[in-house]
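Asker:
There are 2 protein chains.
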Amino acid sequence: MPSKQDQYFSKTLEKGLSILNLFGRENPSRSLTEIATLTGINKTSTYRLVNTLIQLGYLRKSLNDKSLRLGPKAFSMGHECFHGFDVFQGIKPIIDKTFFEHHISIDSALIDGYKLISLYRREMPNLVSFHLPLIMDELYARAMGKIVLANLDPAALDSYFATLAPVKMTPHTLVDIEDIKADITATKTRGYSINHMEYITGVISIGAPMMNLTTKSVVGSVSLDFPSKDYPLEAIEQQYIGVLLTLAGEASDLITNAGIRR
Amino acid sequence: MPSKQDQYFSKTLEKGLSILNLFGRENPSRSLTEIATLTGINKTSTYRLVNTLIQLGYLRKSLNDKSLRLGPKAFSMGHECFHGFDVFQGIKPIIDKTFFEHHISIDSALIDGYKLISLYRREMPNLVSFHLPLIMDELYARAMGKIVLANLDPAALDSYFATLAPVKMTPHTLVDIEDIKADITATKTRGYSINHMEYITGVISIGAPMMNLTTKSVVGSVSLDFPSKDYPLEAIEQQYIGVLLTLAGEASDLITNAGIRR
DNA sequence: AATGTGTGTTACTATTTTAGTAACAAAAGT
DNA sequence: ACTTTTGTTACTAAAATAGTAACACACATT
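Line by line, the protein sequences give chains A and B. The first sequence begins at 23 in the working numbering and counts up one residue at a time. The second sequence begins at 23 in the working numbering and counts up one residue at a time.
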């Protein structure tokens with residue numbers, strides 16, 4: 023008898039994908055028992071699913087036949103899923119236009135859980151060329167993260183703070199939970215977020231949300247990034263808030279038309 | 023009773039992944055029936071799997087609730103699978119080293135079926151900046167493709183030719199099947215492949231295989247690319263075959279150590 | 001407005017697959 | 001040599017999927 027919950031939902035597929043999602047740049051290699059405990063799937067089923075992924079080329083065993091790693095098929099599928107994502111193609115011209123018009127560094131990202139996935143970015147040479155991670159955890163310390171937090175519903179925000187352990191990355195990073203909460207509240211009323219060298223010394227950013235205008239929920243954000251030595255915060259706020267909000271509006275239109283939800 | 027074939031293989035997961043693989047840059051949008059016919063999965067099961075992928079965020083429905091597209095979760099997983107693939111990280115320094123030592127354009131790719139997936143590339147400014155596709159179908163017209171074909175076992179090569187419909191991309195492109203077969207044979211005895219403006223006018227390339235030295239099977243290839251106006255073919259062959267084969271050897275070592283198979 | 005066609009969705013069970021326990025083998029660590 | 005851990009296999013109850021068929025809905029044609 024099928025589960026009453028949802029007959030038209032495949033738990034097996036969900037489990038298989040959850041296994042694949044355990045692998046990434048931070049975790050290139052995992053063992054079978056590790057996978058079983060992390061996913062909560064029993065060992066036999068884990069073995070079956072992992073074996074399937076191996077046979078299909080999504081995973082492979084290391085030479086010593088122990089640890090598992092991503093296989094070439096995962097690489098090629100990743101390729102396609104990344105470049106085939108139409109929003110990625112759609113946001114390019116929007117960001118490029120603003121980039122060439124105003125000559126400022128721009129970044130954009132989508133939410134996945136409590137992480138931000140870098141969508142597309144353009145960088146000016148005047149910015150300290152920082153190798154930004156493509157997956158960002160530190161929502162509390164980044165303009166793109168703050169504006170997302172400010173637009174989450176209270177329940178989601180609470181569960182974010184429940185497990186948050188802030189790390190001081192620069193002298194300006196806020197690490198006290200109450201300070202961060204106050205900052206988020208201020209961000210909410212302000213309508214855009216400010217990151218004053220809290221993530222990288224010498225970089226000031228302002229962020230605005232990408233909203234799905236139909237569901238009225240935040241699905242990502244955009245930011246403008248400036249070298250602090252050439253751009254004092256006051257000057258940025260005077261000159262670039264309009265640019266930021268226009269850009270965010272265009273991005274939100276794209277998101278809404280594409281029907282992206284969280 | 024479980025299937026006698028393999029109790030430790032999940033067909034459901036295989037089907038779910040095959041659905042996800044139908045999407046990509048060439049095919050950003052598909053319908054349910056299209057998916058069902060392409061995969062050969064019956065409509066109900068397709069519906070279940072697609073529904074699962076939607077609920078998990080890997081797919082989404084367009085606004086008119088008809089066609090399906092990749093979702094943000096596919097994008098983020100793609101990201102991770104792409105950048106988390108250790109061979110991608112491993113080949114970078116190898117190619118970079120050769121690039122800075124010899125100042126030539128270099129490309130590398132892995133096989134997936136009868137396609138080449140671009141792995142990592144460095145390009146010199148002197149090369150006509152061609153936006154190469156990241157997934158390459160025209161194996162017969164590219165140096166990286168030819169050397170792969172030359173190293174396939176006869177059966178695989180036959181099935182490649184069985185469905186091949188060559189397209190003339192430049193005046194030099196070989197489109198007669200017999201010509202192509204002869205070229206592959208010549209490539210095999212030569213040990214490296216030559217592409218003399220068959221893919222892009224003005225670009226000459228030489229290619230060598232990335233081999234898994236344990237299984238003695240080809241898993242990808244590397245190529246050196248030159249602008250034909252500065253580099254006649256003879257000069258390239260005199261000067262760069264050694265560089266190419268050294269590079270291919272290093273790449274093969276990497277592949278073998280990583281245990282990449284086809 | 002009526003009709004037909006295609007597409008997505010749901011209902012219903014036979015059939016197949018998966019979960020879970022347990023046992024075993026092979027490494028790895030002590 | 002012994003213990004512990006990790007991967008693999010056997011077995012069957014329990015659960016999920018496949019397949020058929022019917023239905024609803026939109027769109028196009030008449």
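Glycine included, each C-beta is placed from N, C-alpha and C at the ideal position. Given the structure is predicted, the values throughout are model-derived calculations rather than measurements.
Hey, is A/Tyr136's beta-carbon within less than 8 angstroms of any beta-carbon in chain B?
Answerer: Start at 1 with the first residue of the first sequence, and residue 136 of chain A comes out as number 114. Chain B, which has no Cβ nearer than 8 angstroms to the Cβ of A/Tyr136, makes this no.
Asker: List the endpoints of the continuous alpha helix (DSSP H) containing B/Leu92.
Answerer: Taking the first residue of the second sequence as position 1, residue 92 of chain B is located at position 70. That residue, B/Leu92, is in no alpha helix (DSSP H); its beta strand (DSSP E) goes Leu90 to Leu92.
Asker: Counting only beta-carbon atoms, is B/Ser25 nearer than 8 angstroms to chain A?
Answerer: For the purposes of this step, residue 25 of chain B is taken as the residue at position 3 of the second sequence. A caution first: B/Ser25 carries a pLDDT of 46, below 50, which makes its placement in the model unreliable, though a value can still be read off. Taking Cβ atoms only, chain A never reaches closer than 8 angstroms to B/Ser25, which makes this a no.
Asker: Can you look up A/Lys65 in the DSSP assignment and give me helix, strand or coil?
Answerer: Here residue 65 of chain A is taken as the residue at index 43 of the first sequence, counted from 1. Three-state result, A/Lys65: helix.
Asker: Look up B/Ser250 in the DSSP assignment and say whether it is helix, strand or coil.
Answerer: The count along the second sequence starts at 1 and reaches residue 250 of chain B at position 228. In this structure, B/Ser250 counts as coil in the three-state DSSP scheme.
Asker: Taking 8 angstroms as the CB-CB cut-off, is B/Tyr69 touching chain A?
Answerer: Mapped onto the second sequence, residue 69 of chain B falls at position 47. Interface residue, yes.
Asker: Under 8 angstroms between C-beta atoms, does B/Met233 make it to chain A?
Answerer: For the purposes of this step, residue 233 of chain B is taken as the residue at position 211 of the second sequence. No, no contact with chain A.
Asker: So A/Pro50 packs on B/Gly112, CB below 8 angstroms; how close in whole Å?
Answerer: Residue 50 of chain A sits at position 28 when you count from the first residue of the first sequence. Residue 112 of chain B sits at position 90 when you count from the first residue of the second sequence. The Cβ separation is near 10 angstroms, so there is no contact.
Asker: Leaving out five residues on either side along the sequence, give the residues of the same chain with a beta carbon under 7 angstroms from the beta carbon of A/Asn234.
Answerer: Within the first sequence, numbered from 1, the residue matching residue 234 of chain A stands at position 212. Cβ within range, chain order: Val241, Ile277, Thr278, Ile282 and Arg283.
Asker: Roughly how many whole angstroms lie between the Cα atoms of A/Thr59 and B/Ile222?
Answerer: For the purposes of this step, residue 59 of chain A is identified with residue 37 of the first sequence, where counting begins at 1. For the purposes of this step, residue 222 of chain B is identified with residue 200 of the second sequence, where counting begins at 1. Computed Cα separation, rounded: 51 angstroms.
Asker: How would you list, in chain order, the residues of chain A whose beta-carbon sits under 7 angstroms from the beta-carbon of B/Pro115?
Answerer: For the purposes of this step, residue 115 of chain B is identified with residue 93 of the second sequence, where counting begins at 1. Near B/Pro115 there are no residues of chain A at all, since even the closest Cβ is about 16 angstroms away, more than 7 angstroms.
Asker: Under 9 angstroms between beta-carbons, which chain A residues line up against B/Arg82? List them in chain order, please.
Answerer: Against the second sequence, residue 82 of chain B aligns to sequence position 60. Those are Ala280, Gly281, Ile282 and Arg283, listed as they occur along chain A.
Asker: Using a cut-off of 7 angstroms between C-beta atoms, extract the partners of A/Gly38 located in chain B.
Answerer: Start at 1 with the first residue of the first sequence, and residue 38 of chain A comes out as number 16. Going along chain B in sequence order, the residues near A/Gly38 (Cβ under 7 angstroms) are Ser32, Leu35 and Gly38.
Asker: Spell out a yes or no on whether the segment 236–251 of chain B and the segment 87–96 of chain B are touching, meaning 3 or more CB-CB pairs, one atom from each, closer than 8 angstroms.
Answerer: Judged by Cβ distances under 8 angstroms, the segment 236–251 of chain B makes no contact with the segment 87–96 of chain B, as fewer than three pairs qualify.
Asker: Beta-carbon within less than 7 angstroms of A/Thr237's beta-carbon, same chain only, minus the 5 sequence neighbours each way: which residues are those?
Answerer: As a first step, residue 237 of chain A must be located in the first sequence, where it is residue number 215. Taken in chain order, the residues that qualify are Arg283.
Asker: Compute the distance between the beta-carbons of B/Leu171 and B/Leu156, then report whether it is under 8 angstroms.
Answerer: For the purposes of this step, residue 171 of chain B is identified with residue 149 of the second sequence, where counting begins at 1. For the purposes of this step, residue 156 of chain B is identified with residue 134 of the second sequence, where counting begins at 1. Cβ atoms of B/Leu171 and B/Leu156: not closer than 8 angstroms.
Asker: Using the beta-carbon of each residue, which ones in chain B are nearer than 9 angstroms to A/Pro50?
Answerer: Indexing the first sequence from 1 puts residue 50 of chain A at position 28. Correct list: Gly106, Phe107, Asp108 and Gln111.
Asker: Quick check on this structure: which residue in A/Leu85, A/Val265 and A/Met99 has the alpha carbon closest to the alpha carbon of A/Phe122?
Answerer: On the first sequence, position 100 is the one that residue 122 of chain A refers to. Checked all of A/Leu85, A/Val265 and A/Met99; the closest Cα to A/Phe122 is A/Val265.
Asker: Per DSSP, A/Ala131 forms a beta bridge with which residues?
Answerer: Here residue 131 of chain A is taken as the residue at index 109 of the first sequence, counted from 1. In the DSSP output, where bridge partners are listed per residue, A/Ala131 has A/Ser140 and A/Ser243.
Asker: Kindly indicate if chain A contains any beta-carbon less than 8 angstroms away from that of B/Glu56.
Answerer: The residue given as residue 56 of chain B occupies position 34 in the second sequence. Output row for B/Glu56: interface = no.
Asker: Step through the CB atoms of chain B and report whether any lies within less than 8 angstroms of the CB of A/Lys238.
Answerer: Residue numbering aside, residue 238 of chain A sits at position 216 when the first sequence is read from its first letter. False, the Cβ-Cβ gap to chain B never drops below 8 angstroms.
Asker: Name the DSSP beta bridge partners of B/Leu81, please?
Answerer: As a first step, residue 81 of chain B is located in the second sequence; it is residue number 59 there, counting from the start. Beta-bridge pairing links B/Leu81 to B/Leu92.
Asker: With a threshold of 16 other CB atoms inside 10 Å of the CB of A/Asp118, please say whether the residue is buried or exposed.
Answerer: Numbered from its first residue, the first sequence carries residue 118 of chain A at position 96. Per the 10 Å Cβ criterion, exposed.
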